[in-house]
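Report on the structure given below.
2 protein chains.
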Amino acid sequence: MKKPEFGLLGYALLGLLHDNPSSGYALRKVVALTPMSSFSDSPGAIYPALRRLRKAGLIRGRLEKSSGLRRRQVFHLTPAGIRELKQWLALPPSRDEVMRRMDELSLRFAFMDQVMGKNASVQFLRAMERELEAYVPSLHEYLAAAKSQMPLSARLALESGVRGYETQLRWTREALAAYEKHK
Amino acid sequence: MKKPEFGLLGYALLGLLHDNPSSGYALRKVVALTPMSSFSDSPGAIYPALRRLRKAGLIRGRLEKSSGLRRRQVFHLTPAGIRELKQWLALPPSRDEVMRRMDELSLRFAFMDQVMGKNASVQFLRAMERELEAYVPSLHEYLAAAKSQMPLSARLALESGVRGYETQLRWTREALAAYEKHK
DNA sequence: CCGTGCATGTAATTCGTTACATGATTCC
DNA sequence: GGAATCATGTAACGAATTACATGCACGG
Chain S
8 MKKPEFGLLG YALLGLLHDN PSSGYALRKV VALTPMSSFS DSPGAIYPAL
58 RRLRKAGLIR GRLEKSSGLR RRQVFHLTPA GIRELKQWLA LPPSRDEVMR
108 RMDELSLRFA FMDQVMGKNA SVQFLRAMER ELEAYVPSLH EYLAAAKSQM
158 PLSARLALES GVRGYETQLR WTREALAAYE KHK
Chain F
8 MKKPEFGLLG YALLGLLHDN PSSGYALRKV VALTPMSSFS DSPGAIYPAL
58 RRLRKAGLIR GRLEKSSGLR RRQVFHLTPA GIRELKQWLA LPPSRDEVMR
108 RMDELSLRFA FMDQVMGKNA SVQFLRAMER ELEAYVPSLH EYLAAAKSQM
158 PLSARLALES GVRGYETQLR WTREALAAYE KHK
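Here it is as structure tokens:
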């Protein structure tokens, strides 16, 4: 009996619903109109994802007839949904995530303060700092070893990736400083 | 009659095969051991992708019995494969790609010098610079308008994204400078 | 009465993932 | 003889994409 998994989109929706119970249509607009646009706002993505969450008992919908329009359903988290969201947010950033799924880490962190509190945010940032501090030097090593045999554009593309991780590390440290000052 | 599409992985494989005809196993190792690890190196990803490319006539395999091991197949691009690769590489970076698919742009650029020549690389970078110059200010606007209502971690997560695009823009300019000097 | 915006959904297809299966060779 | 490495593949499943379908209400 394996634990069911909900995609990144599923968790994104849980996070959005935690603070603002919303209809599917409203969620689509949030995804489309904010810098969450790495997700698809197509109905074929959002509505099936909501149905999966509902079937798993993580969200419940209230039908609203009031506003003269077509019936719409406002979803909110159930206690099980809150538990699932917190469990996901509590995962510390792993090496693998830092290397290949920074987008998921950003998403987790974005919800962190509201759902888990500032202490959890600081823990999260510290773990991310550790992983990045280990990963960035290994990228530099690879680059130093490989650069001489690469065409210019390939080398530059690789350097662009390394820059990204360095920027992320700098950001992590500044974010930690922001929490320090905030206390 | 719609033009068939090959996934990002398909084009990655075409790009790798352009300079180094390789077996599926060798391609898996390249994906696993270099910073191309955003792709999956699982056989369930690589082999079906190769079969699709072969069926479309973009690659051909030569069976090698020589080395005592199990029979292995070394793939190389056909003329149609080279055409398809070039057509993909010739696409100028669009606004949408800059916003949500920077990974694909990096991949295109990595193969650019070898397959299309340095002039194409410069054209590509100039277009990317234009798109980023238009996009970054709009992100700043959004951030300025929204930041006051956001919890700290959400604001910081958003700022991390903006930093990423700024870094990318700086990199683009430096890359252009590198090509200037190279001439 | 027609287009636009609000609002929800399904169908076909494609692709990736995990897990499994197979087979040959070399090293210990 | 058994583990590790080379090498290729399939099957079941899950999830996203595009495209289509539906229905209500309001403004011009």
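Which chain is which? The protein sequence lines are S and F, in order.
The first sequence: position 100 = 107 (this note's numbering), numbered continuously.
The second sequence: position 78 = 85 (this note's numbering), numbered continuously.
Using N, Cα and C, we set each Cβ at its ideal position, and we do this for glycine too.
- In this structure, residue 93 of chain S keeps its C-beta atom at 8 angstroms or more from the C-beta atom of residue 186 of chain S.
- Residue 12 of chain S sits in coil when the DSSP states are folded into three classes, being neither helix nor strand.
- When the Cα atoms are used, residue 159 of chain F and residue 32 of chain F turn out to be separated by approximately 46 angstroms.
- Look at residue 70 of chain S here: in three-state DSSP terms it is strand.
- Burial is judged here by how many other beta carbons sit within 10 angstroms of a residue's own beta carbon; residue 179 of chain F has at least 16 and is buried.
- The alpha carbon of residue 89 of chain S has as its nearest neighbour, out of S:171, S:168, S:18 and S:114, the alpha carbon of S:18.
- Listed along chain S are 159 and 160, each with a C-beta nearer than 8 angstroms to that of residue 128 of chain F.
- DSSP, reduced to helix, strand and coil, places residue 78 of chain F outside both helices and strands of the structure shown, so it counts as coil.
- Judged by their CB atoms, residue 16 of chain S and residue 23 of chain S are not nearer to each other than the 8 angstroms cut-off.
- Straight through space, the alpha carbons of residue 138 of chain S and residue 102 of chain S are spaced by roughly 6 angstroms.
- Listed as beta-bridge partners of residue 25 of chain F by DSSP are no residues whatsoever.
- Rounded to the nearest whole angstrom, the CA to CA distance from residue 131 of chain S to residue 78 of chain S is 41 angstroms.
- Comparing alpha-carbon positions, the option among S:83, S:129 and S:106 lying closest to residue 97 of chain S turns out to be S:129.
- For residue 167 of chain F, DSSP records no beta bridge to any residue.
- Proximity of chain F to residue 189 of chain S at the Cβ level (cut-off 7 angstroms) is accounted for by 159, in chain order.
- A contact is defined here as three or more CB-CB pairs under 8 angstroms, and the region 168-177 of chain F fails this definition with respect to the region 146-157 of chain S.
- Residue 30 of chain S sits in a strand when the DSSP states are folded into three classes.
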